[in-house]
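Novice: As numbered in our numbering, the sequence shown has no gaps in its residue numbers, which increase by one up to the final residue, 125.
Beta carbons are placed, not taken as given, at the ideal position from N, Cα and C, and that holds for glycine.
Keep in mind that this is a model prediction, so the values were computed, not measured.
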Amino acid sequence: MARVTVEDCIDKVPNRFDLVLIAAGRARQISAGAELTVPEDRDKYSVIALREIAEETISADTLRDNVIQTMQRHVEVDEPEEDDMEAQMLSHQFADNIDESEVLVADPAPLGDMPGEAADDGDAA
């Protein structure tokens, strides 16, 4: 059996680095169960991928697109809803309009009348 080398495929994919990435991507596809387009001949998946590229039984452009697609990541940006954005804008406007003297105003309620505490009338039971 003839040995497949990068030189056999360089006319199909001119850049050696692209060729390696494309062949590796195809080898991963074969490993995952993709259908072979050339006889297996007890070769490793990387050799089968190079043979497929050399014999042009599968398009190098298709393989390149598949490699690019597998490396892309889709990240969804979680944008706040319009109501939340409006509430944030109002709170920022409110905070900008508050004067320091309004913040420092003390609560007129006596300390003993805090919510949740029983009022002490001085009657001992």
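Can you tell me where the alpha helix (DSSP H) with N66 in it begins and where it stops?
Specialist: Where N66 is concerned, the enclosing alpha helix (DSSP H) stretches over A60 to M71.
Novice: For V77, count neighbouring C-beta atoms within 10 Å of its own C-beta (all shown protein chains included) and say buried if the count is 16 or more, exposed if not.
Specialist: V77 is exposed by the Cβ-count criterion.
Novice: Under three-state DSSP, which class holds L36?
Specialist: Of the three classes helix, strand and coil, the one that applies to L36 here is coil, per DSSP.
Novice: Verify whether the separation of the beta carbon atoms of I48 and V38 is less than 8 Å.
Specialist: The answer is yes: Cβ separation under 8 Å.
Novice: Can you list, in chain order, the residues of its chain whose CB lies under 7 Å from that of M1, leaving out five sequence neighbours each side?
Specialist: Here the model assigns M1 a pLDDT of 46, short of 50, so the residue's position is not dependable and the matter cannot be decided.
Novice: Output the distance between the C-alpha atoms of V13 and R73, rounded to the nearest integer angstrom.
Specialist: Roughly 25 Å between the two C-alpha positions.
Novice: By the 10 Å Cβ neighbour count, where 16 or more other Cβ atoms means buried, how is L63 classified, buried or exposed?
Specialist: Classification for L63: buried.
Novice: Using a Cβ-Cβ cutoff of less than 7 Å, which residues in the same chain neighbour L45 once the five nearest sequence positions on both sides are dropped?
Specialist: According to the sequence displayed, residue 45 carries Tyr and not Leu. Around Y45: A27, I30 and S31.
Novice: Along the chain, where does the alpha helix (DSSP H) that runs through D8 open and close?
Specialist: Run containing D8: V6 to C9, per the alpha helix (DSSP H) assignment.
Novice: Can you tell me whether V13 is helix, strand or coil according to DSSP?
Specialist: Reduced to three states, the DSSP call for V13 is coil.
Novice: Whose CA, out of G25, A54 and A34, lies closest to the CA of R3?
Specialist: Looking at the Cα atoms, A54 is the closest of the given residues.
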